[in-house]
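Take a look at the structure below.
4 protein chains.
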Amino acid sequence: MVDVQSRKDNRKIQINKVGVKGLHYPIVVLDKQNKFQHTIADISLFADLAHNLKGTHMSRFIQIFNRYSADFSMENFLEMLKKIKNTLHAQNSFGEVSFPYFIEKEAPVSKEKSKMNYVCEYIGEVREEKTLFYIGIQVPVTTVCPCSKDISARGAHNQRGIVRVKLCLDKFFWIEDIISLIEKSASSELFTLLKREDEKYITERAFDNPRFVEDLVRDVTQRIEKMGQFPWFSVEAENFESIHNHSAYAYVERGNKNYELAE
Amino acid sequence: MVDVQSRKDNRKIQINKVGVKGLHYPIVVLDKQNKFQHTIADISLFADLAHNLKGTHMSRFIQIFNRYSADFSMENFLEMLKKIKNTLHAQNSFGEVSFPYFIEKEAPVSKEKSKMNYVCEYIGEVREEKTLFYIGIQVPVTTVCPCSKDISARGAHNQRGIVRVKLCLDKFFWIEDIISLIEKSASSELFTLLKREDEKYITERAFDNPRFVEDLVRDVTQRIEKMGQFPWFSVEAENFESIHNHSAYAYVERGNKNYELAE
Amino acid sequence: MVDVQSRKDNRKIQINKVGVKGLHYPIVVLDKQNKFQHTIADISLFADLAHNLKGTHMSRFIQIFNRYSADFSMENFLEMLKKIKNTLHAQNSFGEVSFPYFIEKEAPVSKEKSKMNYVCEYIGEVREEKTLFYIGIQVPVTTVCPCSKDISARGAHNQRGIVRVKLCLDKFFWIEDIISLIEKSASSELFTLLKREDEKYITERAFDNPRFVEDLVRDVTQRIEKMGQFPWFSVEAENFESIHNHSAYAYVERGNKNYELAE
Amino acid sequence: MVDVQSRKDNRKIQINKVGVKGLHYPIVVLDKQNKFQHTIADISLFADLAHNLKGTHMSRFIQIFNRYSADFSMENFLEMLKKIKNTLHAQNSFGEVSFPYFIEKEAPVSKEKSKMNYVCEYIGEVREEKTLFYIGIQVPVTTVCPCSKDISARGAHNQRGIVRVKLCLDKFFWIEDIISLIEKSASSELFTLLKREDEKYITERAFDNPRFVEDLVRDVTQRIEKMGQFPWFSVEAENFESIHNHSAYAYVERGNKNYELAE
């Protein structure tokens, strides 16, 4: 059977990234509390393609991914990207894998347990000369508006917001620790299950800790800088404003984005 | 050229609805303030298909719709459905058309003007024996939680929510009047542009008018019933809870859903 | 602490449905091949609310759901709805739970294995007088256009489509059997991993089996009717047309929608 | 009334971007055929914030935008960003505005007219030292798989795909010309309204012009390079594969991304 993809191409155009996108697949990831966790990922996998080749072999991305899916630690993710690069005779390979990650939390007063959903992301590039690895984490929070509180005779508008961080990895860390750091920076963290005594606690805690999106990205930035272990990172906060039909948004980035991960 | 669609089918299965879905197209609708408004609709158009015909003629839906798109009043929408029914020799035709609708509003204190976005929907069925017509309207609002306010020493959690009504039409009405009715039922209405004096006003107004989703659907229900002109309607309220990562939701329906629109 | 929700309400408006919506949570479901499967659900749970009560107790929905989430069979889903109805002193309870469900499939020629993603849904109502239970299943497929094939000198446009069925349950069945029935009705089924010999097989199989959306809903309808075990069902097919930027769509429903599930 | 935003901040963290996101608003843009076109935009507007200020003044973004919305040419978009920068005493301002743009097209044989939907985007940065301006354009197309065609005895799988280009602007161009260039590079362009004679024409044209995503990005790249007027650009193609439930994807970028727009 002819191999159309391996035919010669004369357009002299090297392709930066080619591969598969929007694949949904079950994976197993590490979990600080329970050792491992079953989840479902949205996966994109790419490699570059030399200017003289007509096409890449898309099925090989899936074959290789499939082998790693049952043990998808950060380490194995990078190993998979190396395998893709070598198998496809590419110079660079790229992967973006996002998945919901659940953590069991205790309500602050009633101590009732329930699971909260955080979206995580691995973003990796294995290049000839270096390896880059970013971890994305999304944490929903509550924010009380400091301006609304100060100018109003009573009450203060508040809303659900989301904080997204992207961390350039140097050495291993637990996602749980970053989530906790972000939740401490908000007016309050969120819970799936709250009884009345918890609702009182959270309402008052949030009212006592008003935060603009500006405050939120600054507090998270300070805390991540203090950890001193990420060569580069970004922090964004988006508030689904309760008094508007659009969002308030803030973004900070710090460090050297092209930090090379040590082998 | 052969007409494959007009071939005979022997499976003896009449098809309830067949046609086009997810068409995006510019339309012009009526506007209480400005006579007409340009907007962009998401359109689905269907007819039934007799058991003995292999396929419908999809291009005819588009041709007919195209002719009506520049003057898409409620009246013309129904006329278009009749035209579809007749042209396709069908017994019934169906249409669902949703579109953003903008209204210029004044901020409550500063009187600054800006436009707010409300999603509207026409849902029509022209059947052999009767015509049904529903109007859907979505209104984003603020809700302050009555429980949180009462049990907490200070503050109260609040959030953006959305109220969706669906109204079975008997005679013409202005969408603007229903939007206003819904906004009066919430803790506060939303605005695109607010200065500080407006923010103070809204924060205090909302705090003074706490509303569960249950209160919201009840208040809107009462006000719609008072209008006495809709043979059937439904009201749903969804709060994007600021203390949870999920929604609180309530739904009420009243009346006779199969009310036949007079010609 | 005051119980605001239990206060009296004087508006005399009974609420049809009130509860939680858009909750994301890990669940475990039955699996024909592997006994059980971990997946992640999008959950809505409601009950009605008597006219004289101000609010429902949202946290109880979560508490009850949480207890059932680790063994979320069809049977336990209904048991959970009964528990919700009783705990909340409601007359009716409602649940909608959708989740991706993965099945390992073999490519038709190479026999390479990979997992395919199907979205499933449980929709249940436990009312005073009866219990209704619907299962929704979504199956992505390929469709080759019979008209395009017949009128063209070569080729035929084809595209990805999706078939959605909703089945009113009388007795237990395996989701896998319905998926297989739908895949046989399309021009071809889809796979996550295909080698070249499989691609040739599927291209030719699909070209030999052209199907309009009308054909697809009729074939699936015939096959489901032949099973003779669903009191009511609906079948819809949507083609993401490769020659248009909108969809072709067809819908059939059959039977008695209000069939009462035996205890 | 206190101005909370103008208070001093001691965290010494300058914020890269802060402002409003996800605003929906009607705008009027230039149109090659009809002089201007009404459409609805999704808008994000940001500026940086000095380390010593607590917050930005979000309402000013809306006020300034509102003034420009009725004449939203590329030129006025940049002028608006300059106005934002100056009004907010910022060093940099940023804007991302995306909107559907409709072009009336004639079917290839029947010459029937209908409108096609293309999503466009303005992305601008006005910095102290330079101005950057990118235009994004998304064009849905058909692609026939060259491998499937060559290895199969009959037929070839094909599907809807989307090509997205991002062009760094040096001098004015018509969006229509880029759309046309992209549509020529695909197996076939799409239409909203096609009669049978058109369907035959397109099926055969597409079958005679098979294109991988790799071919598509290379052909578009060649054609854009030939225009010789964009200092930097990227091209991506995504196929919603008809034989898989995921996409095939390719990406190319060329030139100097930091090209400064002349005043």
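Residue numbers (the numbering used here), protein chains in the order written: chain A, 161 to 423; chain B, 161 to 423; chain C, 161 to 423; chain D, 161 to 423. Note that the Cβ used here is the ideal one computed from N, Cα and C, for glycine as well. Here the structure is a predicted model, which is why all the values come from computation and not from measurement.
Could you confirm whether any beta carbon from chain D is found closer than 9 Å to the beta carbon of E239 (chain B)?
-> Locating residue 239 (chain B) in the second sequence gives position 79, where the first residue counts as 1. Not one beta carbon of chain D lies nearer than 9 Å to the beta carbon of E239 (chain B).
Whose Cβ in chain D lies nearer than 7 Å to the Cβ of G321 (chain A)?
-> Indexing the first sequence from 1 puts residue 321 (chain A) at position 161. Within chain D, no residue has its beta carbon less than 7 Å from that of G321 (chain A); the closest one is some 11 Å off.
Starting from E281 (chain C), follow its DSSP beta bridges and name the residues at the other end.
-> Sequence index remark: in the third sequence, residue 281 (chain C) carries index 121 (1-based). Answer is C:S258 and C:G296.
Can you say whether V325 (chain A) is buried or exposed, counting buried as having 16 or more other CB atoms within 10 angstroms of its CB?
-> Working through the first sequence from its first residue, we reach residue 325 (chain A) at position 165. Buried is the call here.
Decide if V113 (chain D) is buried, meaning its Cβ has at least 16 other Cβ atoms within 10 Å, or exposed.
-> Missing from the structure shown is residue 113 (chain D); chain D here goes from 161 to 423 and no further.
Using a beta-carbon distance below 9 Å, is P300 (chain A) in contact with chain D?
-> Residue 300 (chain A) sits at position 140 when you count from the first residue of the first sequence. P300 (chain A) is outside the set of residues whose beta carbon lies under 9 Å from a beta carbon in chain D.
Might you give, ordered along the chain, the residues of its own chain that have their beta carbon closer than 7 Å to the beta carbon of P370 (chain D), omitting 5 neighbours on each side?
-> Mapped onto the fourth sequence, residue 370 (chain D) falls at position 210. V304, C305, P306, K309, A316 and S347, listed in sequence order.
Would you list the one or two residues that DSSP bridges to R320 (chain D)?
-> For the purposes of this step, residue 320 (chain D) is identified with residue 160 of the fourth sequence, where counting begins at 1. The bridge partners DSSP lists for R320 (chain D) are D:T302.
Taking 9 Å as the CB-CB cut-off, is I175 (chain D) touching chain A?
-> In the fourth sequence, counting from the first residue as 1, residue 175 (chain D) sits at position 15. Under the Cβ criterion of 9 Å, I175 (chain D) is counted among the residues facing chain A.
Spatially closest choice to Q174 (chain C) from C:I203, C:E336 and C:L209, by CA coordinates = Position 14 of the third sequence, counted from the first residue, corresponds to residue 174 (chain C). Residue C:L209 is the option with its Cα nearest to Q174 (chain C).
Go ahead and pull the three-state DSSP assignment for S219 (chain A).
-> Looking up residue 219 (chain A) in the first sequence gives position 59. In the structure shown, S219 (chain A) falls within a helical segment according to DSSP collapsed to helix, strand and coil.
What three-state label does DSSP hand A313 (chain D) in the structure shown?
-> Taking the first residue of the fourth sequence as position 1, residue 313 (chain D) is located at position 153. Note: A313 (chain D) maps to coil in three-state DSSP.
Buried versus exposed, by CB contacts within 10 Å (16 or more), R320 (chain A) = Translated into positions along the first sequence, residue 320 (chain A) becomes position 160. Label assigned to R320 (chain A): buried.
Any idea what DSSP makes of E420 (chain B), helix, strand or coil?
-> Taking the second sequence and counting its residues from 1, the one referred to as residue 420 (chain B) is at position 260. In the structure shown, E420 (chain B) sits in coil (DSSP, three-state: anything other than H, G, I, E or B).
Which one or two residues does DSSP pair with L183 (chain B) in a beta bridge?
-> Here residue 183 (chain B) is taken as the residue at index 23 of the second sequence, counted from 1. B:I203, per the DSSP bridge assignment.
How long is the line joining the alpha carbons of S233 (chain B) and V279 (chain D), rounded to whole angstroms?
-> In the second sequence, residue 233 (chain B) corresponds to position 73, counting from 1. In the fourth sequence, residue 279 (chain D) corresponds to position 119, counting from 1. As the crow flies, the alpha-carbon of S233 (chain B) is around 26 Å from that of V279 (chain D).
Answer with buried or exposed for D112 (chain C), where buried requires no fewer than 16 other C-beta atoms within 10 angstroms of its C-beta.
-> Outside the displayed range of chain C (161 to 423) lies residue 112 (chain C), so it cannot be described from this structure.
Contact between the segment 241-252 of chain A and the segment 162-173 of chain A (3+ Cβ pairs under 8 Å) = Not touching, per the Cβ criterion.
Taking just the CA atoms, how far does I311 (chain C) sit from E364 (chain D)?
-> Counted from its first residue, the fourth sequence places residue 364 (chain D) at position 204. Counted from its first residue, the third sequence places residue 311 (chain C) at position 151. Looking at the backbone, the Cα of E364 (chain D) and that of I311 (chain C) are separated by about 10 Å.
Is there a Cβ from chain A that is less than 9 Å from the Cβ of E398 (chain D)?
-> Counting from one through the fourth sequence, the residue named residue 398 (chain D) turns up at place 238. For E398 (chain D), the answer is yes, since a Cβ of chain A falls inside 9 Å of its Cβ.
Under 9 Å between beta-carbons, which chain C residues line up against I200 (chain D)? List them in chain order, please.
-> Here the question's residue 200 (chain D) lines up with position 40 in the fourth sequence. Under the 9 Å cutoff, chain C gives no residues; its nearest Cβ is about 17 Å from I200 (chain D).
Can you give me the Cβ contacts of E281 (chain B) inside the same chain, cut-off strictly under 6 Å, excluding the 5 residues immediately before and after it?
-> The residue labelled residue 281 (chain B) in the question sits at position 121 within the second sequence. Within the same chain, S258 and G296 come within 6 Å of E281 (chain B) by CB-CB distance, once the 5 residues on both sides are set aside.
By DSSP, does K326 (chain B) sit in helix, in strand, or in coil?
-> Position 166 of the second sequence holds residue 326 (chain B). If DSSP states are grouped into helix, strand and coil, K326 (chain B) belongs with the strands.
Is it true that the segment 324-342 of chain B meets the segment 372-379 of chain A, where meeting means three or more beta-carbon pairs spaced less than 8 Å apart?
-> In the pairwise beta carbon analysis, the segment 324-342 of chain B is classified as not touching the segment 372-379 of chain A: fewer than three pairs are separated by under 8 Å.
According to the neighbour-count rule (16 or more other Cβ atoms, all chains shown, within 10 Å of its Cβ), is D231 (chain D) buried or exposed?
-> Mapped onto the fourth sequence, residue 231 (chain D) falls at position 71. Exposed is the call here.
Is F262 (chain B) close to chain D, meaning its C-beta is less than 9 Å from at least one C-beta of that chain?
-> Position 102 of the second sequence, counting from 1, holds the residue named residue 262 (chain B). Contacts with chain D at 9 Å (Cβ-Cβ) include F262 (chain B).
Shorter than 9 Å from the beta carbon of Y282 (chain C) to some beta carbon of chain B?
-> Start at 1 with the first residue of the third sequence, and residue 282 (chain C) comes out as number 122. No, Y282 (chain C) lies away from the interface with chain B (no Cβ there is under 9 Å from its Cβ).
Which partner residues does K177 (chain A) have in the DSSP bridge list?
-> The residue you call residue 177 (chain A) lines up with position 17 of the first sequence. Here K177 (chain A) is bridged, per DSSP, to D:Y411.
Residues in the segment 211-243 of chain B having any Cβ partner in chain D nearer than 8 Å = Of all residues in the segment 211-243 of chain B, only S219, I222, Q223 and N226 place a beta-carbon less than 8 Å from a beta-carbon of chain D.
Flag E356 (chain D) as yes if its beta-carbon sits less than 9 Å from any beta-carbon of chain B, otherwise no.
-> Translated into the one-based positions of the fourth sequence, residue 356 (chain D) becomes position 196. Glu is not the amino acid found at residue 356 (chain D); the sequence shown has Arg there. At least one chain B Cβ lies under 9 Å of R356 (chain D).
Quick one, which of C:R356, C:F293, C:I283 and C:S219 has its alpha-carbon nearest D330 (chain C)'s?
-> Locating residue 330 (chain C) in the third sequence gives position 170, where the first residue counts as 1. For D330 (chain C), the closest C-alpha among the options C:R356, C:F293, C:I283 and C:S219 is that of C:F293.
Y185 (chain C): contacting residues in chain A (beta-carbon distance under 8 Å) | By 1-based counting over the third sequence, the position of residue 185 (chain C) is 25. In chain order: F262, K275, N277 and T352.
Interface partners of Y411 (chain C) on chain B, CB under 8 Å = For the purposes of this step, residue 411 (chain C) is taken as residue 251 along the third sequence, with counting starting at 1. Residues of chain B whose Cβ lies closer than 8 Å to the Cβ of Y411 (chain C) are, in chain order, I175, N176, K177, V178 and F206.
According to the Cβ coordinates, are S219 (chain B) and E272 (chain D) closer than 9 Å?
-> On the second sequence, residue 219 (chain B) is found 59 positions in, with the first residue counted as 1. On the fourth sequence, residue 272 (chain D) is found 112 positions in, with the first residue counted as 1. It is a contact, given that the beta carbons lie within the stated cut-off.
If you follow the alpha helix (DSSP H) that A366 (chain D) is part of, which residue opens it and which one closes it?
-> In the fourth sequence, residue 366 (chain D) corresponds to position 206, counting from 1. Note, A366 (chain D): alpha helix (DSSP H), R356 to D368.
Do you know offhand how far V301 (chain D)'s Cα is from I335 (chain D)'s?
-> Along the fourth sequence, one-based indexing puts residue 301 (chain D) at 141. Along the fourth sequence, one-based indexing puts residue 335 (chain D) at 175. Taken atom to atom, the span from the alpha-carbon of V301 (chain D) to that of I335 (chain D) is near 16 Å.
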